Amino acid sequence: MHTLILYYKPTCGYCRKVLRYIEQHNLTVRLKNVSESPDARQDLIDLTGGSQVPCLIHDGEILHESDDIVAWLAENGDNR
């Protein structure tokens, strides 16, 4: 079972691409909007050293690029 956390901004096109995939495939992902939550933004910086979104954290691993995130979700996202 994977613990999935996605840090995102609603205005980010790359983030929307990942969010669409998550919604279309009914995946369970904890969403953290860094635009609305200073705590989420700080968590992202603490974990990754920066504030780049989208950012998927899975079992301590970090993925940033939307294509890489979608590919990882396609391969592993249903292993809940």
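Taken in order, the sequence shown gives residues 3 to 82; the numbers are from this note's numbering.
The beta carbon of each residue, even a glycine, is placed where N, CA and C say it ideally should be.
Since the structure is predicted, the reported quantities are computational estimates derived from the model, not experimental observations.
{"Asked": "Can you tell me the Cα-Cα spacing of residue 12 and residue 24, whole angstroms?", "Found": "14 Å"}
{"Asked": "For residue 55, which residues in the same chain have their Cβ closer than 7 Å to its Cβ, ignoring the five residues on either side in sequence?", "Found": "9, 10, 11, 14, 17, 36"}
{"Asked": "Provide the residue span of the beta strand (DSSP E) that contains residue 29, from first to last.", "Found": "Run containing residue 29: none; DSSP gives neither H nor E here."}
{"Asked": "Does residue 14 come out as helix, strand or coil in the three-state DSSP assignment?", "Found": "coil"}
{"Asked": "Which residue marks the beginning of the beta strand (DSSP E) containing residue 38, and which one marks its end?", "Found": "First-last for residue 38: undefined, no H or E at that position."}
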